[in-house]
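In the working numbering, the protein residues as written are 0 to 106.
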């Protein structure tokens, strides 16, 4: 997963040729540490269909305030710079995969 900050976030979500899945996380968050390998697995499996990026909420507090409702990990799904859906918490790889398919199938 590509690490993104406030400085390059707009360009990444607007200029991607594929839908973007953002994982907001914190280095001190145990659930985030458990979720990261799951997100990386799905990122590798669907690298041609989705761009997975990660944002550290402590590094980019304005982005965190805008998109996370103080819950980490939070996933936010974008297409052409527009938010399609968001969800948070620790979930299995099969649930993450199914949610992404549902979200992007509708768009």
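We treat Cβ as the ideally placed atom computed from N, Cα and C, and that holds for glycine.
Look at residue 74 and residue 18 and say whether their C-beta atoms are less than 9 Å apart.
Numbered from 1 along the chain shown, position 75 holds the residue referred to as residue 74. Numbered from 1 along the chain shown, position 19 holds the residue referred to as residue 18. Against a cut-off of 9 Å, the Cβ pair of residue 18 and residue 74 comes out as no contact.
Could you check which residue in 3, 4 and 35 has the C-alpha nearest to that of residue 89?
The residue you call residue 89 lines up with position 90 of the chain shown. Closest in alpha carbon position to residue 89, among 3, 4 and 35, is 35.
Between the Cα of residue 23 and those of 40, 2 and 7, spot the shortest distance and give me the residue it belongs to.
For this step, residue 23 is matched to residue 24 along the chain shown. Per the C-alpha coordinates, the member of 40, 2 and 7 positioned closest to residue 23 is 2.
Going by C-alpha distance, which of 82, 50 and 52 is nearest residue 65?
Within the chain shown, numbered from 1, the residue matching residue 65 stands at position 66. When the alpha-carbon of residue 65 is set against those of 82, 50 and 52, the nearest one is in 82.
Have a look at residue 80 and residue 69 and give me their C-alpha separation to the nearest angstrom.
Here residue 80 is taken as the residue at index 81 of the chain shown, counted from 1. Here residue 69 is taken as the residue at index 70 of the chain shown, counted from 1. Cα to Cα, residue 80 sits roughly 22 Å from residue 69.
Nearest-angstrom Cα distance between residue 37 and residue 91?
Within the chain shown, residue 37 is the residue found at index 38, counting from 1. Within the chain shown, residue 91 is the residue found at index 92, counting from 1. For residue 37 and residue 91, the distance between alpha carbons rounds to 7 Å.
Take residue 78 and list the residues in its own chain whose beta-carbon comes closer than 8 Å to its own, dropping the five residues that flank it on each side.
Locating residue 78 in the chain shown gives position 79, counting from the first residue. Closer than 8 Å at Cβ, skipping near neighbours: 18, 19, 103 and 106.
Alpha carbon to alpha carbon, how far is residue 101 from residue 51? Give it in angstroms, no decimals.
The residue given as residue 51 occupies position 52 in the chain shown. The residue given as residue 101 occupies position 102 in the chain shown. When rounded, the distance between both Cα atoms is 16 Å.
Can you pull the DSSP bridge partners for residue 52?
On the chain shown, position 53 is the one that residue 52 refers to. Beta-bridge annotation (DSSP): residue 52 is paired with 1 and 21.
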